[in-house]
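Peer 1: Let me give you the structure first, and then I'll get to my questions.
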Amino acid sequence: MKKVLAITLCLLMCLSLFSCTQADYNYAIKLYESGDYKTALDFFNVTKKYKDSAEKLTECKYYLAKMAIDNEFWEDATDYLLGLNYLDSEELLKECYMHTNLDYAFLEEVNKLVHFRLYEAEGKEVTQKELARTEYSQIVKYELEDFFDANLKEISLALTEGLKLRVQALDEEKLNSSQAKLYQAEFRVADALTRLHDEYDLMPDDESFKTAFLDVRDDYETTAEASLVIQKDLEDQFKKLNVTTGTPFKKEYNYLKLTVKNNTDYQYNLTVTVNFIDKTGVTYETAEIQRVMKKKNGDKIDSYTFNFRINSTSIYQTLSFDYSYKDIAK
């Protein structure tokens, strides 16, 4: 008799538990269908071993995460998405981490700076040097910060280096010292911005951005590589000083003469500038000559002479010079 009673009580308890589970599940389904995912989640937690409660529990977390993302509650969304492995939950989790770290703050900063350079700087009469300093100071602050996306961090460091090089180039007093640096800087900046456009959708439909950076990225790379070769060739020639003038120029009567060869495989436009200086150290006249330096043809290397007339021989004492090159072509 006692055994029968025990079995009966056990059956009643099971029926009672089953009844509670069924009721909780049905109520959870109603909440789920009405969009009250937060309350439904609590009930599905209770019944998660019953029917499809586990799947519904996952769906509730997913929809709650989407709602949190829409409201920019990144930490809440992260809590819901952790370990979810449902639909695009991994991509959403990455987005949350990029917001809670500094990934998106960096992208927003870059977008703002590029927009200013393209559309506002000229109207506000900001000089290139001022603009370069502003851009570098705003981006360099991310150099020691943590990013979730390692690839984005790599691009940020490349962009920082390009902006730094641009500032250094513009700070040089002479063009012959800054030219190659500036070409390297422009390529590195264009390359980093191109990667941000292609991989992170930076300014996707902006034609001015496309023209200023994307379309010229390959040309900048070619020019940057060529500038190193040209710079080395010119430096080697300009450091050979004439014994009578102490400069690369030879003085013949009332002329200053300089012969330059193009020992590279690139054609470019070379401008040489001479400042005529009097006995007091004051520049009283400036002149410049431009030549198209054709690339060497096999063993044939052409020479180009730059002749500067000394108009006031009575006050001429010495000179300073500068040079620059542009329109580089293979």
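So the sequence shown is numbered by the working numbering: it starts at 2 and just counts up by one.
Built from N, CA and C at the ideal position, the CB exists for glycine as well.
In the DSSP output, what is Leu-271 paired with across the bridge?
Peer 2: Start at 1 with the first residue of the sequence shown, and residue 271 comes out as number 270. Beta-bridge pairing links Leu-271 to Arg-292, Tyr-326.
Peer 1: How far does the beta strand (DSSP E) with Asn-308 in it extend, from its first residue to its last?
Peer 2: By 1-based counting over the sequence shown, the position of residue 308 is 307. Here the beta strand (DSSP E) through Asn-308 covers 304-310.
Peer 1: Below 9 Å between beta carbons: does that hold for Phe-309 and Ile-329?
Peer 2: Here the question's residue 309 lines up with position 308 in the sequence shown. Here the question's residue 329 lines up with position 328 in the sequence shown. In this structure, Ile-329 does not lie closer than 9 Å to Phe-309 by Cβ.
Peer 1: Output yes or no for whether 9 Å exceeds the beta carbon distance between Ala-55 and Ala-66.
Peer 2: For the purposes of this step, residue 55 is taken as residue 54 along the sequence shown, with counting starting at 1. For the purposes of this step, residue 66 is taken as residue 65 along the sequence shown, with counting starting at 1. Not a contact, by the Cβ cut-off of 9 Å.
Peer 1: Secondary structure at Lys-331, three-state DSSP: helix, strand or coil?
Peer 2: Walking along the sequence shown from the start, residue 331 turns up at place 330. In the structure shown, Lys-331 sits in coil (DSSP, three-state: anything other than H, G, I, E or B).
Peer 1: Go ahead and pull the three-state DSSP assignment for Ser-321.
Peer 2: Taking the first residue of the sequence shown as position 1, residue 321 is located at position 320. Correct three-state label for Ser-321: strand.
Peer 1: In whole angstroms, what separates the C-alpha of Glu-146 from that of Lys-165?
Peer 2: Within the sequence shown, residue 146 is the residue found at index 145, counting from 1. Within the sequence shown, residue 165 is the residue found at index 164, counting from 1. Glu-146 and Lys-165: Cα-Cα distance of roughly 17 Å.
Peer 1: Go to Thr-40, then tell me how far its alpha helix (DSSP H) extends in each direction, as first and last residue.
Peer 2: The residue you call residue 40 lines up with position 39 of the sequence shown. Thr-40: member of the alpha helix (DSSP H) spanning 38-47, first to last residue.
Peer 1: Just reading off the beta strand (DSSP E) that Tyr-256 is part of, what are its end residues?
Peer 2: Taking the first residue of the sequence shown as 1, we reach residue 256 at position 255. Note, Tyr-256: beta strand (DSSP E), 256-262.
Peer 1: What separation, rounded to the nearest whole angstrom, lies between the Cα atoms of Glu-34 and Tyr-98?
Peer 2: Here residue 34 corresponds to residue number 33 of the sequence shown, with the count starting at 1. Here residue 98 corresponds to residue number 97 of the sequence shown, with the count starting at 1. Cα-Cα distance, rounded: 30 Å.
Peer 1: What are the residues that DSSP puts in a beta bridge with Thr-287?
Peer 2: To locate residue 287, count along the sequence shown from 1; it is residue 286. Bridge partners of Thr-287: Asn-276.
Peer 1: For the segment 293-305 against the segment 261-269, are there 3 or more C-beta pairs whose distance is under 8 Å?
Peer 2: yes
Peer 1: Please state whether DSSP places Asn-86 in a helix, a strand or coil.
Peer 2: On the sequence shown, position 85 is the one that residue 86 refers to. Here Asn-86 sits in coil by DSSP.
Peer 1: Tell me whether Lys-251 sits in a helix, a strand or coil according to DSSP, three-state version.
Peer 2: Counted from its first residue, the sequence shown places residue 251 at position 250. Three-state result, Lys-251: strand.
Peer 1: Under the three-state reduction of DSSP, which class applies to Lys-241: helix, strand or coil?
Peer 2: Here residue 241 corresponds to residue number 240 of the sequence shown, with the count starting at 1. Coil.
Peer 1: Between the segment 216-229 and the segment 273-289, do at least 3 Cβ pairs fall closer than 8 Å?
Peer 2: no
Peer 1: Mapping the DSSP letters down to three states, classify Lys-301 as helix, strand or coil.
Peer 2: Locating residue 301 in the sequence shown gives position 300, counting from the first residue. Of the three classes helix, strand and coil, the one that applies to Lys-301 here is strand, per DSSP.
Peer 1: Going along the chain, which unbroken runs of the beta strand (DSSP E) with 3 or more residues stay wholly within the segment 107-183?
Peer 2: Segments of the beta strand (DSSP E) lying fully in the segment 107-183: there are none.
Peer 1: I think Tyr-201 touches Leu-119, with their Cβ atoms under 8 Å apart; what is that distance to the nearest whole Å?
Peer 2: As a first step, residue 201 is located in the sequence shown; it is residue number 200 there, counting from the start. As a first step, residue 119 is located in the sequence shown; it is residue number 118 there, counting from the start. The pair is not a contact, with the Cβ atoms about 18 Å apart (cut-off 8 Å).
Peer 1: In three-state terms, what does DSSP make of Lys-3?
Peer 2: Within the sequence shown, numbered from 1, the residue matching residue 3 stands at position 2. The predicted model places Lys-3 with a pLDDT of 45, which falls under 50 and marks its position as unreliable; any figure quoted below should be read in that light. Lys-3 falls in the helix class under three-state DSSP.
Peer 1: Going by DSSP in three states, Leu-103 sits in which element: helix, strand or coil?
Peer 2: Along the sequence shown, one-based indexing puts residue 103 at 102. Correct three-state label for Leu-103: coil.
Peer 1: So, is Thr-245 buried or exposed, given that buried needs 16 or more other C-beta atoms within 10 angstroms?
Peer 2: In the sequence shown, counting from the first residue as 1, residue 245 sits at position 244. Its Cβ having fewer than 16 others within 10 Å, Thr-245 is exposed.
Peer 1: When you compare each of Lys-125, Gly-247, Ala-159 to Leu-197 by their alpha carbons, which one comes out closest?
Peer 2: By one-based count along the sequence shown, residue 197 stands at place 196. Nearest option by C-alpha distance: Ala-159.
Peer 1: Smallest Cα separation from Lys-154: which of Leu-94, Asp-37, Asp-104?
Peer 2: Here the question's residue 154 lines up with position 153 in the sequence shown. Checking every option, the nearest Cα to that of Lys-154 belongs to Asp-104.
Peer 1: Quick check: Ala-186 and Phe-214, are their CB atoms within less than 9 Å of each other?
Peer 2: Stepping through the sequence shown from its first residue, residue 186 is reached at position 185. Stepping through the sequence shown from its first residue, residue 214 is reached at position 213. Their beta carbons are not under 9 Å apart, which means Ala-186 does not touch Phe-214 by this criterion.
Peer 1: Hey, Glu-121 and Gln-139: beta-carbon distance below 9 Å or not?
Peer 2: Position 120 of the sequence shown, counted from the start, is the residue given in the question as residue 121. Position 138 of the sequence shown, counted from the start, is the residue given in the question as residue 139. Against a cut-off of 9 Å, the Cβ pair of Gln-139 and Glu-121 comes out as no contact.
Peer 1: Between which two residues does the alpha helix (DSSP H) holding Met-68 run?
Peer 2: Along the sequence shown, read from residue 1 onward, the residue named residue 68 stands at position 67. 54-71 is the span of the alpha helix (DSSP H), which, as asked, contains Met-68.
Peer 1: Which of the three DSSP states, helix, strand or coil, is assigned to Thr-281?
Peer 2: Reading the sequence shown from its first residue, position 280 is the one you call residue 281. Coil, per DSSP.
Peer 1: Can you give the beta carbon distance from Ser-157 to Phe-149, rounded, assuming they're within the 8 Å contact cut?
Peer 2: Sequence index remark: in the sequence shown, residue 157 carries index 156 (1-based). Sequence index remark: in the sequence shown, residue 149 carries index 148 (1-based). Between Phe-149 and Ser-157 the Cβ distance is about 12 Å, and since that is not below 8 Å, they are no contact.
Peer 1: Pick from Tyr-326, Thr-281, Thr-260: whose alpha carbon is nearest that of Thr-224?
Peer 2: In the sequence shown, counting from the first residue as 1, residue 224 sits at position 223. Nearest C-alpha to Thr-224: Tyr-326.
Peer 1: Relative to the C-alpha of Thr-314, which residue among Lys-331, Glu-286, Ile-70 is closest?
Peer 2: Against the sequence shown, residue 314 aligns to sequence position 313. Considering only alpha carbons, the answer is Glu-286.
Peer 1: Below 9 Å between beta carbons: does that hold for Leu-32 and Tyr-63?
Peer 2: Working through the sequence shown from its first residue, we reach residue 32 at position 31. Working through the sequence shown from its first residue, we reach residue 63 at position 62. The answer is no: Cβ separation not under 9 Å.
Peer 1: Around the Cβ of Ala-24, are there at least 16 other Cβ atoms within 10 angstroms (buried) or fewer (exposed)?
Peer 2: Taking the first residue of the sequence shown as 1, we reach residue 24 at position 23. Burial call: exposed.
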